[in-house]
Every structure is written in structure tokens, then in C-alpha cells.
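Everything on this sheet refers to the single structure shown next.
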Amino acid sequence: MTGRFVRLAETGRAELTIHVDGAPIRALAGDTLMVALLTAGTHLRASEFGDGRRAGFCLMGACQDCWVWTEDGERLRACSTQPVDGMRISTRQPEATWPNLA
Amino acid sequence: MAQPRVIVVGAGPAGTRCAETLVAAGLRPVVIDEGRRDGGQIYRRQPEGFTRPYRALYGTEAGRAAAVHETFDRLKEKIDYRPETLVWNIAGDEVHTVSGTTARSLAFDALILCTGATDRLMPVKGWHLAGAYSLGGAQVALKSQACSIGHRVVFLGSGPLLYLVASQYLKAGATVAAVLDTSPFSLRVGALPKLAAQPGVLWNGLMLALALKRAGVAVHTGVTPLEIEGTPEDGVTGVVFQDIRGRRHQVACDAAALGYHLRPETQLADLARCGFAFDERTRQWLPIRDEDGRSSVPGVYLAGDGAHILGARAAEDAGRLAALAALKDTGLPVDAGELARLRQGMAGYARFAQGLAEAFPWPAEQAARLPDDAIVCRCEAISAGELRRVVRDMDAREANRAKAFSRVGMGRCQGRYCGHAGAEVIAAAAGVPVREVGRLRGQAPVKPLPAAIEEETP
Amino acid sequence: MTAPTTSRVQASDVLIIGGGIMGCSTALFLRQRGVSVTLLETDLVGRQASGTNFGNVRRQGRPLYQLPLANRAIDIWRRMDALLDEDVEYRQRGHIRVCYRDRPEMAERMETYAAEARPAGLDLELISGNALRDRFPFLGPEVLAGSYSAQDGHANPRLVAPAFARAARRAGAAIQENTRVTHAAKVGEDFEVESQDGRVFRAPILLVTAGAWGNQLSAQFGEPVPVTARGPTMSVTEPVPYAIPPSVGVMTPDEVETVYFRQVERGNLVIGGSTRGPAHPELYRSYVMPRNTLSQLRQIQRLAPALRRLNIIRVWTGIEGYLPDSLPVMGPSGRVSGLHYAFGFSGSGFQIGPGVGDVMAELIATGATTTPIDAYTINRFQGDD
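Chains as they are written, first to last, in the numbering used here: chain A, 1 to 102; chain B, 103 to 560; chain C, 561 to 945.
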């Protein structure tokens with residue numbers, strides 16, 4: 001399985017490239033970041049509490065399950081963010097060393 | 103005389119008709135909406151550049167969706183429209199908003215909350231796995247992004263939306279592995295007299311179920327969900343359920359869409375200090391409102407599914423009514439005939455909603471049966487067993503107390519998705535009616551607030 | 561008023577009004593001394609100041625004359641798990657207090673305080689320059705110096721008072737929640753306390769541990785005190801990997817700059833301080849003022865700039881009782897024999913709470929206490945209006 005989500009229509013849109021954990025993926029103009037990530041992969045992040053990977057839940061900004069990070073540590077709610085060409089996304093929480101970022 | 107400052111929160115069907123009514127009365131309301139585009143969730147607009155026609159997106163509701171969108175487009179010049187803006191808290195006569203990291207405060211004379219609804223969820227073991235989505239979320243994926251949430255999708259829950267989304271998926275070319283409805287068909291027959299209050303909607307619903315069966319989709323009613331199977335790494339691999347005769351089934355799938363009708367987004371009403379009352383029929387706390395949408399707090403009005411789930415058609419009229427109530431209360435003239443007509447219409451919607459609640463009941467009994475290792479709170483990954491432990495060992499029989507001890511409802515979603523089920527788990531474990539468990543108090547921020555937030559410098 | 565029938569009267573050696581950490585810990589320690597106790601709580605135990613505070617188990621910064629009480633408390637904190645038979649998330653992970661470059665005089669005050677606190681049993685380490693950055697790399701560039709107390713720490717305030725109440729109940733105390741007191745008076749040798757639902761409680765000793773509501777009771781005995789109710793401004797972030805063991809706070813004379821934070825093991829950062837909001841004890845409600853949250857977040861970024869990346873997922877407040885000199889009312893009544901007080905801890909009662917309970921139990925059971933509490937006498941407000 002390459003992606004979790006399956007595109008059913010509207011596939012003729014312009015393409016753009018974003019990087020996820022260092023690897024390039026193709027997205028379409030008008031995608032949400034969540035759709036871009038989940039048509040190319042199977043999850044968005046790991047639960048902080050050891051119960052496995054998460055891939056979002058409500059898609060309408062209510063459940064807060066789909067937060068990912070830019071490589072700079074900025075937080076993005078994937079279901080309500082528009083990807084931008086060249087965006088660099090991390091599915092791993094950047095704060096493992098975060099106290100050193102002061 | 104200075105015009106009253108009216109703020110409408112939400113740009114779905116209720117917010118749009120509310121703003122339209124205010125503009126018609128000569129006001130220029132502020133309309134604050136979290137969405138990038140208007141329409142709300144039910145009439146969510148696809149992004150610019152998408153080409154599917156209204157009929158493909160909204161089915162039988164295409165005409166209504168188009169009308170709401172066209173109305174909003176016409177209003178844009180006549181309102182102070184603030185998209186992608188969250189009202190994160192309310193204090194006194196001010197709403198506090200955030201857009202990006204910019205904070206603003208806005209004073210109001212009248213605040214009309216048209217905050218809409220989200221899915222009402224009953225946990226099932228495995229619902230935290232990647233590939234489990236809310237039913238509304240599954241619909242958003244299709245409507246707004248032309249995607250299916252998986253390669254083989256099981257629809258599990260109850261309510262009219264279950265059949266609607268499953269049939270939309272089918273029509274769009276997705277693979278629907280099964281539709282599993284916890285409500286037995288017999289209840290639908292019993293509720294027919296009330297459902298007949300909206301014969302068109304009733305007819306549409308029947309046609310959807312029929313179309314699914316004709317297409318060869320397995321549709322089961324009266325099921326008991328047992329587990330969403332899968333692995334922490336790869337997510338959902340199947341759904342296990344018991345049918346109405348007690349037989350166990352397993353359906354292979356990589357996605358499950360879950361929903362038991364809807365619940366209103368009442369956080370802002372709570373932060374505005376509106377009173378709530380327990381609704382026995384749907385087993386939930388709802389903000390108190392009069393027939394026109396006045397809350398218990400002067401100057402605060404509630405309209406649409408954000409106050410009480412009556413559906414999108416009713417939301418349009420509720421938005422108009424709340425606007426008329428606000429106009430009247432601020433001393434502006436209103437058309438008594440229109441007021442009477444709208445009130446009369448609302449009675450029919452309420453009767454239909456009662457029918458739906460009877461036909462597709464909230465499966466409270468499932469909470470008591472949830473296995474101890476099933477997660478109740480997805481945000482904090484807290485199990486039913488842990489919640490039961492604080493009830494049993496720490497005497498936590500009240501919703502907020504159980505939250506304080508167990509963390510159920512303490513996560514990022516603020517209890518939106520675990521609150522109702524958590525209350526049922528507590529009630530069953532404590533042996534008290536769910537009403538006595540109370541409700542989770544709303545706490546700001548309504549959605550996560552960036553710590554980098556800065557007040558706008560004038 | 562008709563005389564209450566015996567069946568409605570519940571008698572004990574001691575009656576406690578107010579189920580916060582002070583009342584609940586006193587109840588437990590009284591039971592350990594063999595004294596019978598009934599505790600009356602309007603709502604559920606530990607819900608206001610005791611349950612909504614920051615959770616600092618901090619001795620440094622307290623007045624020197626309070627350190628014996630704080631030390632008595634820390635001995636109890638260290639055996640809390642065994643005492644209460646549960647984990648209240650007390651962690652002795654240290655407490656660092658820092659000052660900013662634009663207030664260098666604070667660094668001098670830290671030095672003076674450290675020198676004076678050492679004989680009282682509080683060891684503080686003064687750190688500045690590279691040593692400070694090496695050990696606490698999250699501190700912002702405005703931070704000049706710090707005072708580190710290795711033996712301070714933090715705990716979960718949501719759990720502590722209820723855990724004391726359960727332990728007290730197991731030890732035989734009667735803990736009466738949802739019991740709103742409407743009237744308290746001394747009738748003959750006994751105190752008689754009526755609840756809204758008509759029950760009557762009687763005891764020869766009465767202890768008022770009613771926080772922001774303390775004055776409502778002390779005034780009934782002719783000892784009004786100027787308690788002001790305020791609500792702490794609290795926030796919590798999303799969980800992030802656990803990396804900051806100590807509590808961290810700012811030492812400054814400016815209340816707005818006074819912010820603090822700590823990380824819980826699950827990963828969330830709890831943030832407090834900067835400003836307090838209004839509280840309504842008569843309504844049993846308090847509200848977080850949005851502008852206070854914004855002020856707090858602005859200040860916390862000066863203390864630890866990396867926090868600006870995080871999301872705040874919840875804010876809360878509670879009802880705290882403040883006295884004009886920021887000291888509690890603690891000790892025997894100046895007018896009525898058998899009456900005792902321990903309330904109005906002015907936003908800094910959590911750490912000393914178990915010590916207060918131990919002292920009050922000792923005072924009630926023996927008539928004296930080995931820990932000095934004269935500074936907190938209610939008599940200091942006599943003559944005030």
C-alpha cells in the first residue's frame with residue numbers, strides 16, 4: 001500500500017513537490033496537506049503515548065489528531081493547511097532536543 | 103443612533119442566512135469563520151480549481167448548497183468577513199480571536215453562534231488506529247478533496263449520514279466493504295410517523311439504502327461493533343461485529359468511517375456562560391434556548407446544529423430566526439409574519455429530528471460493554487479500564503472529576519470525541535443515570551492556541 | 561429554630577469546614593492521632609485553590625520564618641506515596657528561579673536569600689553565565705542568573721487533596737462532600753454547624769480551612785478578615801518529549817513578569833503566573849481572562865523562547881483566597897476557644913499544605929505546635945474593617 005487515501009477524481013490539477021521526512025512526494029494544487037501526505041503515505045505522526053501511528057480522524061479541524069511539523073519545528077494542522085511547493089514536513093516531533101533551541 | 107455591533111460565528115447554512123437577514127435589516131455584521139471558504143462542513147466548498155458539479159458534490163441538496171453559497175458570495179461586500187479565524191475565548195461582551203498567531207478582540211452587542219456540529223462518536227476497540235476516521239471526515243475527504251479514506255472502507259455507526267456517505271462513496275467509485283448500522287430496522291418503522299414530517303428527506307434516505315443494497319454492498323442493521331482490527335504500525339485491517347442474530351463477522355478493510363449522528367459544537371456557548379439542560383432523548387447536554395434562539399445569556403443567540411441537531415435545512419431558518427431575535431432585542435423592526443412562518447417551520451424540523459433520534463438511537467449500552475483495553479480518549483490514549491478505575495477506586499462519579507483523575511477529555515480535542523461516551527462509561531461503572539454524571543465544562547481555547555500569539559498592534 | 565433531633569446531629573471531636581489540601585490533610589493527621597473528624601465540603605474535595613494551582617512543591621522564595629513549616633511539609637511530601645497509598649506525581653526534580661538582565665539587583669537578593677536560607681535547611685545553588693546555559697539551555701537570552709534548589713519539585717494538584725481525603729476516610733474520617741454550610745455557631749461547649757440540606761454537625765473543636773470562603777465563617781465568630789478572591793491564570797501545552805525536570809520561575813518585583821512553568825512526565829508543560837483573574841466565590845465560579853492568557857504567553861517566551869512553538873491546549877483557573885500581606889490566617893481564634901483557622905494561603909499554600917495539616921492536627925490534639933506559626937495569627941487583622 002503506497003498511500004492510505006485514494007484519489008477518485010480531480011486528478012488533472014497542477015503538481016507540486018513537498019518533502020516528508022526528507023523524501024520528496026508529489027501533491028496536487030488544492031490538496032490539503034493531509035491529503036498530500038496520506039495519498040503518498042500511511043500515517044501523519046506517532047501518538048505521544050505509545051499506542052501507534054495516527055493518520056488524522058475528523059478532517060474538519062476539530063479532533064487535533066493530524067498535527068505535523070515543518071522541519072523548522074512549526075506546527076501545522078494537516079487537514080486545514082495548504083501545502084506549498086518545496087515545503088519540508090516532518091512526521092516526527094522535533095522537540096526531542098527542543099530545550100536546546102532557545 | 104449607532105448601529106448594534108453584531109457578530110456571527112460560523113459561515114455555514116445558519117451563519118449565512120443569519121448574516122443575510124442582518125444585512126437586509128441594514129446592518130453590517132462581522133462574520134467570523136474558521137474555514138478557508140464559507141459553506142460550513144455540510145455545504146463545504148471544494149477548493150478553487152476543482153471542477154465537479156454541485157450535483158456530484160451535494161446530491162439531492164445541490165440546489166440548497168448552491169443557494170447558500172450564492173447568498174454568501176453576494177453578502178461578502180456587505181459584511182466584515184473574517185475567514186480562517188478562530189474565536190478561542192469569550193469574556194464579557196468581547197470575543198477573542200486568533201488568525202495565524204495574531205490575536206484580536208471584538209466587542210459585540212449581539213453574538214450569534216452558528217458553530218455547527220461534529221460527529222458523535224462511540225468508541226470501539228481499535229478506533230485509535232490509523233485508518234479509522236469520523237464519518238463526517240470521510241465525507242469531507244470525498245466532497246472537498248475527491249478522495250476516499252481508504253481502498254476498502256467499512257461504514258460503522260448509525261444515523262442517516264451513514265447511508266448518505268456510503269452511497270456517495272459508492273457513486274464516486276470507492277469500494278464500500280460494508281455498511282454496519284447499530285440501529286435495528288424495526289426502530290425506523292416505529293419512527294415513521296415523525297419522519298414523515300419531512301417526506302422528501304425520508305424518501306431520499308430510503309433510496310440511498312436501496313441503492314447500496316442493489317450495488318451488492320453488505321448492509322447490516324442492528325449490529326454490535328466488537329473491534330476495529332489492525333496494528334499500531336500499519337493501522338486498520340478489518341472490522342469485527344456481531345449481527346442482530348448474534349453471529350460474529352469479520353470484514354477486511356483498510357479504513358473505517360465511524361459516526362453516530364452528530365453533536366453540536368457548544369464550546370463557545372459554554373464560554374459565553376450559557377446555561378445547559380440535559381436532553382433525555384439524545385442523552386446529551388444542550389444549551390438552553392428559546393424558540394427563536396435566545397440563550398440564557400442576554401445578547402447571546404444560538405442557531406443551527408451548533409445548538410441542537412435539526413439538520414442543514416432547519417439551520418438556514420434557525421439562522422434567520424436568531425437574526426430576527428437579535429434585531430428585535432436591539433430595538434430594530436422585524437417582520438412579524440416572517441417570524442411566525444419561521445417558527446412554524448421549526449416545529450416540523452423538530453418533529454423530524456425526534457423521529458431520527460428514535461430511529462437511529464445513540465447506542466449508550468455499548469459504553470458499558472467496551473472492553474477495558476479499548477481506548478476511550480484518543481488524544482490522551484486513556485482506556486475504558488482506566489476510566490472505570492477512577493470511578494471505582496477514586497469515587498469519581500462526575501464528568502469533570504473523572505477527567506481530572508483519568509485525563510479522559512483532557513487532550514487536544516477538549517473531549518469533543520470522547521466526552522459523550524466517557525460520560526456513559528462513568529454512568530455505567532458508577533451505576534447512576536448519565537444525567538447525574540454531568541457534562542465536561544468548556545475550557546478555552548476552543549482549539550489549540552499557538553503560544554506565539556501576539557495581540558495586533560493598532 | 562427548633563432544636564435538632566439527635567438523629568440529624570452528627571457528632572465528632574473535630575469539625576473541619578473546607579475540603580482543600582489543608583482540611584483534608586488535617587483530617588488524616590488527626591485520625592492518625594486518634595481524633596474523630598468530620599469534614600464538610602461544599603462541592604467535591606480539592607476543586608478550587610488546591611486543585612487548580614500550578615503544582616509547585618517549592619520552598620525557595622518563601623519567607624525565612626516560613627521555612628520550618630515548609631521543611632515539615634517536605635518531609636511529608638517525601639513519604640507521600642506511602643502515606644496516601646497512591647502516586648500523586650510528586651517528583652523532587654528541582655526548582656530554578658531566575659532573574660532578568662534588566663533587574664541585576666534580583667541576583668543580589670538571590671545571594672542574600674541563599675545565605676540566609678542555608679541555616680534554615682534550604683540549600684540553594686547560585687548559577688550564572690555559561691554554567692546556567694549549560695545546565696538549563698532552554699533559558700532565554702534575557703536571563704541573567706538563577707538560584708537552584710535541588711530538593712524542591714512539583715506534584716499533580718488535581719490528585720493531592722482528593723488523595724488525602726480518601727486516605728482520611730480510610731483512616732475513619734467522615735468526609736462529607738456536596739455539603740454547603742449555611743450557619744456555624746458555638747452553642748454551649750460545642751460548635752454547631754448546619755448544612756443547606758438541614759443536617760447538623762456538632763463538635764467541641766472547629767477548624768475553618770475554607771480558602772477564599774474563610775472570612776464568611778470567621779466573620780460569624782466576630783473575626784472578619786480582608787480576604788480577596790482571585791483566580792490563577794493557568795495554561796497547558798500539548799505534550800512534547802520529556803526534557804525539563806525542574807520547575808522554572810522568574811524572580812521579579814513586577815507581577816506581570818512573574819511566570820513559571822514545569823513539564824509533567826507525560827510531556828505537557830504547565831504554565832502559570834503573570835496576572836490573576838477575578839473569582840466569584842459566591843457563584844463558585846472563576847474565569848480565565850483572555851488578556852491574562854496573552855500576557856502570560858508573552859512573558860513565558862522571555863523565560864524560555866522555545867515554548868513559542870508549542871500550542872496551548874487548555875487554560876483553567878480556580879478560586880484562591882488572598883490576604884493583603886500574602887500570608888495565611890493560621891492558628892487558634894483570638895476570640896472563641898476551640899476555634900481554629902487555616903485559610904487564605906494567598907496562592908502559595910500547595911507545598912506547605914501537608915505541613916499545615918500536620919501542624920493543625922498537632923495543635924488541636926496537643927494544644928501546641930513545635931513549628932512557629934505566630935506570624936499567621938488572625939489577631940493581626942483585629943481592628944481592621
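Backbone N, C-alpha and C fix where the C-beta goes; we use that ideal spot for every residue, glycine too.
This one's a predicted model, so the numbers in the text were calculated from it and none came from an experiment.
Asked                                                                                                                                        : Found
Environment of residue 843 of chain C [buried if 16+ CB atoms lie within 10 Å]                                                               : exposed
Beta-carbon proximity list for residue 426 of chain B, same chain, < 6 Å, skipping 5 on both sides                                           : 436 and 441
Helix, strand or coil at residue 746 of chain C according to DSSP, with G and I counted as helix                                             : strand
Contact under 8 Å by Cβ, residue 259 of chain B with residue 286 of chain B                                                                  : no
Residues that residue 664 of chain C bridges to, as DSSP identifies them                                                                     : Answer by DSSP bridge pairing: none, since residue 664 of chain C is not bridged.
For residue 926 of chain C, three-class secondary structure by DSSP                                                                          : helix
Beta-ladder partner(s) of residue 657 of chain C, from DSSP                                                                                  : C/707 and C/809
Neighbour flag for residue 73 of chain A against chain B, beta carbons, 8 Å                                                                  : no
Straight-line Cα distance separating residue 420 of chain B from residue 799 of chain C                                                      : 39 Å
Straight-line gap, residue 107 of chain B to residue 772 of chain C (C-alpha atoms, nearest Å)                                               : 37 Å
Span of the beta strand (DSSP E), counted from its first residue to its last, around residue 376 of chain B                                  : Per DSSP, residue 376 of chain B belongs to no beta strand (DSSP E) and is neither H nor E.
Where the beta strand (DSSP E) through residue 333 of chain B begins and ends                                                                : 326-333
Three-state secondary structure (DSSP) of residue 631 of chain C                                                                             : helix
Coil, strand or helix - residue 610 of chain C by DSSP                                                                                       : helix
Member of A/42, A/9 and A/34 whose CA lies at the smallest distance from the CA of residue 80 of chain A                                     : A/34
Straight-line gap, residue 370 of chain B to residue 219 of chain B (C-alpha atoms, nearest Å)                                               : 12 Å
Option nearest residue 384 of chain B by Cα separation, candidates B/190, B/474, B/461 and B/216                                             : B/461
Cβ distance (whole Å) where residue 939 of chain C is taken to contact residue 898 of chain C below 8 Å                                      : That pair is no contact at about 17 Å.
is_contact[residue 17 of chain A, chain C] using C-beta, thresh 8 Å                                                                          : no
CB contact flag (residue 947 of chain C, residue 595 of chain C, <8 Å)                                                                       : It is not possible to answer for residue 947 of chain C, since the shown part of chain C is limited to 561 through 945.
Pick from B/400, B/167 and B/210 that is closest to residue 133 of chain B, judged by C-alpha positions                                      : B/210
Residues of its chain near residue 4 of chain A, where Cβ-Cβ distance is below 8 Å and the 5 sequence neighbours each way are ignored        : 38, 39, 41, 42, 43 and 55
Reduced DSSP category for residue 183 of chain B - H, G, I as helix; E, B as strand; rest coil                                               : strand
Chain A contact for residue 225 of chain B (CB, 8 Å cutoff)                                                                                  : no
Chain B contact for residue 93 of chain A (CB, 8 Å cutoff)                                                                                   : no
Assigned secondary structure, residue 622 of chain C (DSSP; H/G/I helix, E/B strand, else coil)                                              : coil
Near-chain C residues of the stretch 45-59 of chain A (beta-carbon distance less than 7 Å), N- to C-terminal order                           : 48
Other residues of its chain near residue 2 of chain A: CB distance less than 6 Å, five sequence neighbours each side excluded                : none
CB contact check: residue 871 of chain C to chain D, cutoff 8 Å                                                                              : Absent from the structure: chain D. Protein chains present are A, B and C.
8 Å Cβ cutoff, residue 797 of chain C in contact with chain B                                                                                : yes
Whole-angstrom distance between residue 351 of chain B and residue 605 of chain C, CA atom to CA atom                                        : 47 Å
Inter-residue Cα distance where the pair is residue 862 of chain C and residue 700 of chain C                                                : 6 Å
Status (buried if at least 16 other CB within 10 Å, exposed otherwise) for residue 565 of chain C                                            : Annotation note: pLDDT 49 at residue 565 of chain C (below 50); position unreliable, no value reported.
Minimum length 3: unbroken beta strand (DSSP E) runs contained in the stretch 732-803 of chain C                                             : 734-736, 741-747, 750-755, 760-763, 765-768 and 788-797
Beta-carbon contacts of residue 493 of chain B that lie in its chain and below 6 Å, excluding the five residues immediately before and after : 528, 531 and 532
Residue-chain proximity (residue 251 of chain B, chain A), Cβ-Cβ < 8 Å                                                                       : yes
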